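When we follow this note's numbering, the leftmost residue of the sequence shown carries the number 2, and every step to the right adds one. Glycine included, every Cβ here is placed at the ideal spot set by N, Cα and C. Source: prediction; values computed, not measured.
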Amino acid sequence: MTAIPNRRSRLRGGLLGLLIGDALGVPYEFHDAASIPPPAAIDMAPPPGFARTHDGVPYGEQALPARWVATLRGKDQAEGWLARW
Numbered sequence: 002m003t004a005i006p007n008r009r010s011r012l013r014g015g016l017l018g019l020l021i022g023d024a025l026g027v028p029y030e031f032h033d034a035a036s037i038p039p040p041a042a043i044d045m046a047p048p049p050g051f052a053r054t055h056d057g058v059p060y061g062e063q064a065l066p067a068r069w070v071a072t073l074r075g076k077d078q079a080e081g082w083l084a085r086w
């Protein structure tokens, strides 16, 4: 039997899920459903015609909430927010 994950563990898992989902999903954004390959053909390397990323978009854009906190409430608040998660 596995232990019930605590809040910190769940949040870490959620953030990892966001980053992994972002990395795997980006090549297929902005394509119509008919052009997306079947699930069996989707792998870590995107097929021809599907770019790995968009120009000018850094990896892990989920860090934006920390930037928003830093802008709205000051740097100390942002560092505390990151330290908690």
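Counting Cβ pairs closer than 8 Å, one from the stretch 43-55 and one from the stretch 23-33, do we hit at least three? yes
What's the gap between the Cα of proline 49 and the Cα of proline 38? Walking along the sequence shown from the start, residue 49 turns up at place 48. Walking along the sequence shown from the start, residue 38 turns up at place 37. Rounded to whole angstroms, proline 49 to proline 38 spans 11 Å at the Cα level.
| field | C-alpha distance - serine 10 paired with leucine 20, whole-angstrom precision | value | Within the sequence shown, numbered from 1, the residue matching residue 10 stands at position 9. Within the sequence shown, numbered from 1, the residue matching residue 20 stands at position 19. For serine 10 and leucine 20, the distance between alpha carbons rounds to 15 Å.
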